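Written out below as structure tokens is the structure these notes cover.
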Amino acid sequence: MNIPEFHLPTTDSDFIKDPYPTLKEFREKTPIFWDEINSLLFITRYKDVRKIQSSKVFGTTFNHIEGFEDSPDNSTKPLTYVGYKRADKYATYDNFWKSEEFSLLNLEGELHGELRGLVAKAFLPRSVQKLVPFMEKKSSDLFSKTGDKPFDLLKEYAQPYSISVIGELLGVPEEDHNLFLDWSHRIVKMYDFEVSKEDAESAEDAARDFYDYSLDLLNERRSNPKDDMITRLSQVSENNVYLTDQQIICTMILLLNAGHEATVNTLGNGLRALVSNNIDFDEIKNKNIPTKDVVEELIRWDSPLQFFLRYVLEDAEIGEYNIPKKSKVAILLGSANHDGEQFEKPTEINFQREDKDHSSWGGGIHFCIGAHLARLELEVSFDHILSKNFTLDQEPERTGAFGIRGFKELHVSINS
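For reference, each letter of the sequence shown is one residue, going 4 to 419 in this note's numbering.
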């Protein structure tokens with residue numbers, strides 16, 4: 004059976020403002036379709052997205068099947084030290100690729116398992132739990148600073164809150180947090196469907212500066228260890244194999260970009276959803292609804308990440324279609340999270356819905372390694388948000404990106 008061909012309008016402003024009605028049409032009429040303009044096979048249904056997330060037939064690269072680049076000196080090295088061939092998309096952006104090459108999101112097979120195992124040793128739940136008092140104080144202090152005046156929730160609360168938590172976790176001095184914030188904003192623009200030359204060059208420069216800074220910090224921690232993740236990443240080992248400098252820095256940039264941007268956008272999307280849907284904060288408290296359920300439902304309702312790319316590692320079947328090896332597919336997380344076949348009344352916000360298994364945390368070997376941090380960070384923040392009475396001062400404008408879904412600004416007031 005031939006796969007139907009349609010175009011997903013990923014740059015259309017009306018679609019970006021509210022993609023869910025269009026995604027619903029695709030789910031119901033052509034749930035799997037080829038987009039010639041984006042050169043992607045789009046997957047819209049929950050059951051298909053979850054199948055791909057949990058299957059080893061679909062991966063983030065197929066270079067582990069086709070072979071690795073030769074080591075510069077032709078020596079025999081542990082698998083950990085052998086990098087994957089770069090994707091054509093990044094061929095002219097060497098600094099960006101250098102900071103992405105050993106990201107867990109870009110690895111498969113034995114190398115992914117080995118690297119994830121080492122990173123997990125440095126990222127234990129108990130080390131994250133120790134950050135809760137810091138999160139509580141930072142969130143409280145930031146809201147105290149806003150006083151009674153209207154403010155931009157993203158710039159004056161969500162961004163400094165999130166970057167401070169990531170900085171505290173990694174061990175970045177507080178005076179350098181704004182550097183990390185700037186680098187993150189510039190680098191993540193490389194992850195959307197459309198990337199301008201100007202944005203790509205800016206991301207390349209930011210990746211270079213991030214790498215150089217992080218290498219200096221890593222070397223300093225080797226001389227003066229502290230109770231932070233950079234130190235732990237430099238010390239973990241398995242069978243006498245340690246993480247390389249590049250692997251540590253790639254992990255740092257993954258935690259920064261995936262953790263910071265997703266948290267900020269979840270806070271912005273979530274508060275706007277609460278206010279625009281006239282959610283009664285007191286009712287949430289009166290019903291004793293756990294904040295963690297509020298967080299999960301808000302992520303489902305307006306996911307901060309709308310798609311992930313996957314390669315087909317061997318001939319596969321999705322729905323009624325045969326998909327050949329090396330096909331490139333985009334799984335639409337926001338669409339899956341609004342699938343009425345999985346979620347009852349998916350367009351409604353329901354903190355007490357029985358099925359909370361949305362697709363936004365990923366699945367299988369690529370389940371979000373920082374989920375325990377993100378959940379705690381968001382629960383602390385929404386505990387504080389739900390204790391206040393917010394109004395939107397104006398309807399916020401989307402950033403213009405489809406993949407990483409958020410607002411440019413979110414002007415709010417807190418009413419007494």
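All residues carry an ideal CB built from backbone N, CA and C; glycine is no exception. It should be emphasised that the depicted structure is a prediction, and the values quoted were computed from it without experimental measurement.
Check whether the stretch 396-409 touches the stretch 304-313, taking contact to mean three or more Cβ pairs, one atom from each stretch, closer than 8 Å.
These segments touch.
Do the stretch 297-306 and the stretch 264-280 make contact, defined as three or more Cβ pairs closer than 8 Å?
Yes, since at least three Cβ pairs between the stretch 297-306 and the stretch 264-280 fall closer than 8 Å, the two stretches touch.
Leu381 to Asn5, Cα distance in whole Å?
If you number the sequence shown from 1, residue 381 lands on position 378. If you number the sequence shown from 1, residue 5 lands on position 2. If you take the alpha carbons of Leu381 and Asn5, they lie about 43 Å apart.
Give the DSSP-derived three-state secondary structure of Val239 in the structure shown.
Position 236 of the sequence shown, counting from 1, holds the residue named residue 239. Val239 falls in the coil class under three-state DSSP.
Helix, strand or coil for Ile334 per DSSP?
The count along the sequence shown starts at 1 and reaches residue 334 at position 331. Strand.
So if DSSP puts Glu37 in a beta bridge, which residue, or which two residues, is it bridged to?
If you number the sequence shown from 1, residue 37 lands on position 34. Sequence inspection shows Trp at residue 37; the Glu mentioned does not correspond to that position. In DSSP, Trp37 forms a bridge with Glu8 and Leu44.
Would Ala374 be called buried (16 or more neighbouring beta carbons within 10 Å of its own) or exposed?
As a first step, residue 374 is located in the sequence shown; it is residue number 371 there, counting from the start. Ala374 should be labelled exposed.
How close, in whole Å, do the beta carbons of Val122 and Thr254 come, if the pair is a contact with beta carbons under 8 Å?
Mapped onto the sequence shown, residue 122 falls at position 119. Mapped onto the sequence shown, residue 254 falls at position 251. Val122 to Thr254, Cβ: 5 Å. Contact.
With C-beta atoms as the reference, is Ala203 less than 9 Å away from Trp186?
Counting from one through the sequence shown, the residue named residue 203 turns up at place 200. Counting from one through the sequence shown, the residue named residue 186 turns up at place 183. Their beta carbons are not under 9 Å apart, which means Ala203 does not touch Trp186 by this criterion.
Tell me the DSSP secondary structure of His361 in three-state form.
The residue you call residue 361 lines up with position 358 of the sequence shown. Looking at His361 - three-state DSSP - the assignment turns out to be coil, as it is neither helix nor strand.
Could you tell me whether the Cβ atoms of Phe105 and Gln250 are closer together than 9 Å?
The sequence position of residue 105 within the sequence shown is 102, counting from 1. The sequence position of residue 250 within the sequence shown is 247, counting from 1. Result yes, Cβ atoms of Phe105 and Gln250 sit closer than 9 Å.
For Leu221, name the three-state secondary structure that DSSP assigns.
As a working note, residue 221 is residue 218 in the sequence shown. Three-state result, Leu221: helix.
Give the range of the alpha helix (DSSP H) segment to which Phe18 is assigned.
Counting from one through the sequence shown, the residue named residue 18 turns up at place 15. Start and end: Ser16 to Lys20.
May I ask you to verify whether the stretch 138-147 touches the stretch 158-178, counting CB pairs closer than 8 Å and requiring at least 3?
Output reads yes: the stretch 158-178 touches the stretch 138-147.
In angstroms, rounded to a whole number, what distance separates the CA positions of Leu114 and Gly150?
Position 111 of the sequence shown, counted from the start, is the residue given in the question as residue 114. Position 147 of the sequence shown, counted from the start, is the residue given in the question as residue 150. So the alpha carbons of these two residues sit roughly 50 Å apart.
Going by the beta-carbon positions, is the gap between Leu389 and Val297 smaller than 9 Å?
Against the sequence shown, residue 389 aligns to sequence position 386. Against the sequence shown, residue 297 aligns to sequence position 294. Against a cut-off of 9 Å, the Cβ pair of Val297 and Leu389 comes out as a contact.
Go ahead and pull the three-state DSSP assignment for Thr394.
In the sequence shown, counting from the first residue as 1, residue 394 sits at position 391. Three-state DSSP puts Thr394 in a strand.
Could you check which residue in Glu412, Phe18 and Gln345 has the C-alpha nearest to that of Glu357?
If you number the sequence shown from 1, residue 357 lands on position 354. Measuring from the Cα of Glu357, the nearest candidate turns out to be Gln345.
In angstroms, rounded to a whole number, what distance separates the CA positions of Glu400 and Lys20?
As a first step, residue 400 must be located in the sequence shown, where it is residue number 397. As a first step, residue 20 must be located in the sequence shown, where it is residue number 17. Distance between the alpha carbons of Glu400 and Lys20 is about 8 Å.
Tell me, please, whether the stretch 145-159 touches the stretch 278-288 by the rule of three or more beta-carbon pairs shorter than 8 Å.
Taking 8 Å as the limit for Cβ pairs, the verdict is that the stretch 278-288 does not touch the stretch 145-159.
Taking only three categories from DSSP, how would you classify Glu320?
On the sequence shown, residue 320 is found 317 positions in, with the first residue counted as 1. Three-state DSSP puts Glu320 in a strand.
Tell me where the beta strand (DSSP E) around His444 begins and ends.
Nothing in the structure corresponds to residue 444, since the chain is present only between 4 and 419.
Taking Ser330 as the reference, which of Lys192, Leu43, Phe213 and Asp97 has the closest Cα?
By one-based count along the sequence shown, residue 330 stands at place 327. The shortest Cα separation from Ser330 among Lys192, Leu43, Phe213 and Asp97 belongs to Leu43.
Are there 16 or more other CB atoms within 10 angstroms of the CB of His10, so buried, or fewer, so exposed?
Counting from 1 along the sequence shown, the entry for residue 10 is found at position 7. It is exposed - the Cβ of His10 has fewer than 16 other Cβ atoms within 10 Å.
Taking the Cβ atom as the reference point for each residue, do Asn98 and Arg211 lie within a distance shorter than 9 Å?
The residue you call residue 98 lines up with position 95 of the sequence shown. The residue you call residue 211 lines up with position 208 of the sequence shown. Cβ distance < 9 Å, so Asn98 and Arg211 count as in contact.
Relative to the C-alpha of Ile40, which residue among His188, Leu145 and Phe196 is closest?
On the sequence shown, residue 40 is found 37 positions in, with the first residue counted as 1. Closest option to Ile40, Cα to Cα, is Phe196.
Identify, in the order they occur along the chain, each residue of the same chain with its Cβ nearer than 7 Å to the Cβ of Gly262, setting aside the five sequence neighbours on each side.
If you number the sequence shown from 1, residue 262 lands on position 259. Closer than 7 Å at Cβ, skipping near neighbours: Ile169, Gly373, Leu376 and Ala377.
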